[in-house]
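Here's the structure we're looking at; comments come further down.
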Amino acid sequence: MSKKKIDECIRESLNTYFHDMKGVEPHGMYDMLLSAVEKPLLEVVMQHAEQNQSRAAEWLGLNRNTLRKKLLDHKLLK
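Going by the numbering used here, the sequence shown wraps up at 954, each residue one higher than the last.
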């Protein structure tokens with residue numbers, strides 16, 4: 877089984893997105909993409925960090941308070 881790099885998957889998805897737009901110009905792509913990537917990134921990192929916010933923040937290179945805010949923004953904290 878071949879492994880795809882993350883950037884290859886993103887590039888392929890973006891090309892599909894533009895194809896599906898059928899010539900309509902997109903708007904707000906930057907925020908849309910960041911939002912689409914950020915939530916699953918946080919979910920997976922938190923899972924592998926066993927919900928330890930300090931460890932996850934270190935892995936992500938974020939301040940723990942910043943991570944907590946992002947987790948709240950994405951409704952990943954109860």
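Each residue gets a CB set at the ideal place from its N, CA and C atoms; glycine is no exception.
Q | Ala933, enclosing alpha helix (DSSP H) - first and last residue | A | 929-936
Q) Nearest to Trp935 by CA position, among Asn941, Leu947, Gln927, Val921, is which residue? A) Val921
Q.
Quick check: the stretch 921-932 against the stretch 887-906, are at least 3 beta-carbon pairs closer than 8 angstroms?
A. no
Q) Which of helix, strand or coil does DSSP assign to Glu914? A) helix
Q. Straight-line CA distance for Arg940 to Met897?
A. 38 angstroms
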